[in-house]
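Q: Heads up: the sequence lines are chains A and B, in that order.
If you read the first sequence in the working numbering, its first letter stands for residue 368, the second for the next number, and so on.
If you read the second sequence in the working numbering, its first letter stands for residue 869, the second for the next number, and so on.
Every residue gets a Cβ at the ideal spot worked out from N, C-alpha and C, and that includes glycine.
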Amino acid sequence: MAEVVVRNLVKTYAASAHRATDDVSLEVADGEFVVLVGPSGCGKTTLLRMVAGLETPDSGTVHIGGRDVTGLPARQRRVSMVFQSYAIFPHMRVRQNIGFGLAMRKVDRQELERRVQRAAELLQLEDYLDRFPAQLSGGQRQRVAVARAIVVDADVLLMDEPLSNLDALLRLQFRTELKKLVRQLGTTTLYVTHDQAEAMSLGDRVAVMRDGRIAQIGTPLAVYDRPDEQFVGGFLGAPPMNFFPAQVRLRGADPQLVVGEDTWPAPAHLKAYADRSVLVGVRAENIQVTADPPATGPGAQPGWSAAVVEVVEPTGAAVLLTVRLDEHQLKVQAPPGFPARPDDTVWLRSAPEMLRFFDPETSLALVTT
Amino acid sequence: MRRPWARAAAVQAACVAITLFMAVPMYLIALAALSSRESLNRFPLPLLPTDLSTETMSAFLRSTGVVPAFLNSLQVGLGTLVLSLLVGVPAGWALARYAFRGKEPYQLFLLLTRALPIVVLSVPLAKVFLTSGLYDTTYAVTLLHTALALPTTVLITAAVFVGVPRDQEEAAMIFGATPVQAFLRVVVPQALPGVAAAAMFAFVLSWNEVLGATILTLNQRTLPAQVLSTLSDSPLAYRFAGGLALVLPALLFIALMRRYMLNMWGATLR
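1. Any idea if D710(A) is buried or exposed, counting beta-carbon neighbours within 10 angstroms, 16 or more meaning buried?
2. Taking 8 Å as the CB-CB limit, is R708(A) close to chain B?
3. Show which residues of chain B have a CB atom less than 8 Å away from the CB atom of H561(A).
4. Give the residues of chain A in contact with A1044(B), contact being defined as C-beta atoms less than 7 Å apart.
5. Distance check for P719(A) and E677(A), CA to CA, integer angstroms please.
6. For R871(B), which three-state DSSP category applies?
7. Taking the straight line between their C-alpha atoms, what separation do you get for A874(B) and I1024(B)?
8. Could you check which residue in G398(A), V418(A), M721(A) and D390(A) has the C-alpha nearest to that of L548(A)?
9. Quick one: measure Cβ to Cβ for R498(A) and R460(A), integer angstroms, because I've assumed they're closer than 8 Å.
10. Just the C-alpha distance for L1084(B) and H1013(B), rounded to the nearest angstrom, thanks.
11. For T1021(B), which residues of its own chain have a beta-carbon under 6 Å away from its beta-carbon, when the five flanking residues on both sides are left out?
12. Is it buried or exposed for M890(B), if we count other Cβ within 10 angstroms and need 16 for buried?
13. Step through the CB atoms of chain B and report whether any lies within less than 8 Å of the CB of P457(A).
14. Taking only beta-carbon positions, decide if L692(A) is within less than 8 Å of chain B.
15. Is it buried or exposed, K698(A), if we count other Cβ atoms within 10 angstroms and call 16 or more buried?
16. For R442(A), which residues from the same chain have a beta carbon less than 7 Å from its beta carbon, with the 5 sequence-adjacent residues on both sides left out?
17. From the DSSP output, read off the bridge partner residues of V404(A).
18. Taking 8 Å as the threshold (beta carbon to beta carbon), is K511(A) in contact with chain B?
19. From R1089(B) to G960(B), what distance separates their C-alpha atoms?
20. Identify which residue in G627(A), V649(A), G410(A) and Q451(A) has its Cα closest to the Cα of P424(A).
21. Label L1137(B) either buried or exposed according to how many other C-beta atoms from any shown protein chain fall within 10 Å of its C-beta, with 16 as the threshold for buried.
22. Determine, using beta-carbon pairs with one atom in the region 588-601 of chain A and one in the region 388-403 of chain A, whether at least three such pairs fall under 8 Å.
23. Which residues, in order along the region 420-432 of chain A, keep a beta-carbon less than 8 Å from a beta-carbon of chain B?
24. Give the residues of chain A in contact with E972(B), contact being defined as C-beta atoms less than 8 Å apart.
25. Measure how close the beta-carbons of W714(A) and P632(A) come, nearest whole angstrom, since I'm counting them as under 8 Å.
26. Between V511(A) and I455(A), how many whole angstroms is the CB-CB distance? I'm expecting something under 8 Å.
27. Suppose the cutoff is 7 Å on Cβ atoms and the five residues either side in sequence are ignored; what does the same chain contact list for E422(A) look like?
28. Residues of the region 1015-1044 of chain B with a CB closer than 8 Å to any CB of chain A: list them in chain order, please.
29. So, for G432(A): in the same chain, excluding its five sequence neighbours on each side, which residues have a beta-carbon less than 6 Å away from its beta-carbon?
30. For E972(B), count the other beta carbons within 10 Å of its own beta carbon; 16 or more makes it buried, fewer makes it exposed. Which is it?
31. Is the region 1092-1108 of chain B close to the region 921-932 of chain B, with three or more CB pairs under 8 Å?
32. Quick check: what's the CA-CA separation for G438(A) versus A574(A)?
33. Looking at E1077(B) and P1092(B), is the spacing between their C-beta atoms short of 8 Å?
34. List, in chain order, every chain A residue whose beta-carbon is nearer than 7 Å to that of V1054(B).
35. Under 8 Å: do the region 1050-1061 of chain B and the region 1024-1034 of chain B share three or more Cβ pairs, one atom per stretch?
As C-alpha cells, this is what we get:
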C-alpha cells in the first residue's frame, strides 16, 4: 500500500511529433482510487504504463511509496496490472494463471495455494480453477485477470480499460463488483478508461485528460458540476453539457444574460463581465422545460426562451429532447411522458445557479468570486 | 437445391481423393520394394501383396554406400534443423516484435532467395566450398540446406510469434518475470507447435533435397544423391527400394512431430 507521485512526466513516441504526455504531474494518495479518463490519444494509457514500468519516460519521475522507481523495471516496482485484453496465459490453467505472480516470487507452495484459493473465492472462480482460459467466457477471463492482479498484494493496482471488452450488461455488473472489491482491499488504484460514466462511478477522484495533459482533476461531482474548461464539461455527462453564447448586460446594478432575443437572469458574480460575450454551459437535466407558454406580465417568472423541438428520444427514465434555440442546438432532459413532438415549440428556462460560464476565446471557466 | 448432406458427402469425397493421391503411390512403392524381384516382372502387376520378400530391400541396404548415405542424410537433416532454428527463431522474433527500417524489403528479400534455381547456385557454391576446403563434407550440405530452409523458418516463426500477444509478455514482466523468463514461460510454450512445424519443414526439405547435395558431394553423399547416382542404372526393384528408403524416415519424422503440433491446451485439434 503506497502513494503514487508522478512529476513532470514527458513522453514522445518516436513516430509522432507531439508529446504523448506533456509534463504531467499527479499524486494518488495511499488507498485512493483515481481514474484517468479522456478521449483516445489523450495520453492516459501512456501515463499508466509509465507508472507500471512498461514505458520509460523521456523526463520526469515516478515515486511509489516514497521510492524513486523511474529507472526500475516493472517487476521491481511492486505493482499489479489488469490489461484491457486480459493478457492471461492460454497455456496455463486458471490456477497457474492466478498464482503466476506468486510463483515468480517463489512464494511457499502452501501459502500460494491458500492465497490463490482466497482470490478465486473473491471473484467466484472456485469452480473454474482447473480449466484452461479457452474454456472460459469473456467475463470469466476478466475475473482471472483481476484475481491474478489482486493475489500478489501489490502496493499499487493499475487497470487499463479492463471493462472495455465486455458487453454492456456485464460491464455494468462488473463495474459494481470491482468497486466493491477494491474498496474491500483498500489498495491504491490507478484506473484508465475512455468511458466517462465508468470514470464518474468508480473514482474517488477523476482526472480528465486531453492532448497529454490533465485538464482537471477532482471528485466526480466537482468535475461534473464545476468544469474548469469547456472540454471537461463537454466530455463528462451523457448527454454532454450544452454550450451557447450570450451577452452580459447590466440592468441597474444586476447583471443579465442576453440569449438571442430573450433575457435570462444571471448570477451576481457576472457583474464583472458586463458588456462582454460569454459562453454559457448548462446540463440537460438543469434546464426547465414546459410545453405551455409561460405566463407573462408582472410577477411572472422571467427568463423563458422559446425553442423548437427537433428530435424526441424517450429513454424510459426521461425524455431527451433536442431543441433549437435561435441557431443553437441544445439537449434538454424532460420528465418521462413529456408531451412533445418534432416541430412543437417548448419553453426553456434555467436557474442562474445552474449555469456555468466560460471565456469564448480560451474556453476556460470564468473566475467567479 | 444442394442439401447439407450432399455438401458433406462432397467434402468427404474430396478428402478421400486427396488421401488416395498421396497414399496410393506410397503403397505401390512399399509393395514393390517388399516383393521379390520376379514378381515385378509379371504383367499385369499384382496390386495386393502376394509375394512378399525382403530380398530387394536387404540387397539394396547392403549395396555400397547406402547405409553411410542414410547416416549422412540424417546428419545433414538434423544439422539443418538445429542451425535453421538457431538462426531463424531469433530472426522471426525480431520480425514479430520490432519495427525497423527496411522490414518490408527484408521480408520480400527472404522470399526471393528461394526464387533462384538451386542448380545455378550450386556450381559457384561448389567453388566456394572447394577453396575453403569444405567440399565433399556434410557440413557443406548442411550449410546449403540451412540457407534454403531459413527463409521459411524465419517467416513461419515470425508468424508464430505475432500470434502470441505482446501484452502477455508484459503481464509476465509485471508479475515478476525478467524478459528472458517471460519469453521462456509465456512465449515458448505457445510458440512450440509453430516452431515444431518450421523444424519439420526444415528437416523434410533437407532430406529431400537432391540437386545441391549431388553437386556438393562426391563420397559423402546424402541418400537422395546416392540413390540418384547409383540407381539410375539399377534394375527396377532397387529403384523402388530406394524410393521406400527415402520416404519412410520423412514419414516417421512427421509422425513424431505431429504430437507437438496437435497438443494444444484446452482446445483439441484432431
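A: Taking the definition as stated:
1. exposed
2. no
3. Going along chain B, no residue has its Cβ under 8 Å from H561(A), so there is no contact; the nearest lies around 18 Å.
4. Residue identity differs from the one stated: residue 1044(B) is Gly in this sequence, not Ala. Going along chain A in sequence order, the residues near G1044(B) (Cβ under 7 Å) are R442, G468, M471 and R472.
5. 25 Å
6. coil
7. 36 Å
8. G398(A)
9. 6 Å
10. 11 Å
11. S952, G956, A1066 and A1070
12. exposed
13. yes
14. no
15. buried
16. none
17. T560(A) and V575(A)
18. Checking the sequence shown, residue 511(A) turns out to be Val, not Lys. By this cut-off, V511(A) is not an interface position.
19. 32 Å
20. G410(A)
21. Reliability of the predicted coordinates at L1137(B) is poor, the pLDDT of 45 falling under 50, and no value is obtained from them.
22. no
23. G420 and L421
24. What E972(B) touches in chain A: nothing, since even the nearest Cβ is about 16 Å away.
25. In fact, because the Cβ distance is near 15 Å, the residues do not count as touching under 8 Å.
26. 5 Å
27. K378, T413 and R416
28. P1033, D1035, Q1036, E1038, A1039, A1040, M1041, I1042, F1043 and G1044
29. A369 and D522
30. exposed
31. yes
32. 25 Å
33. yes
34. F456
35. yes
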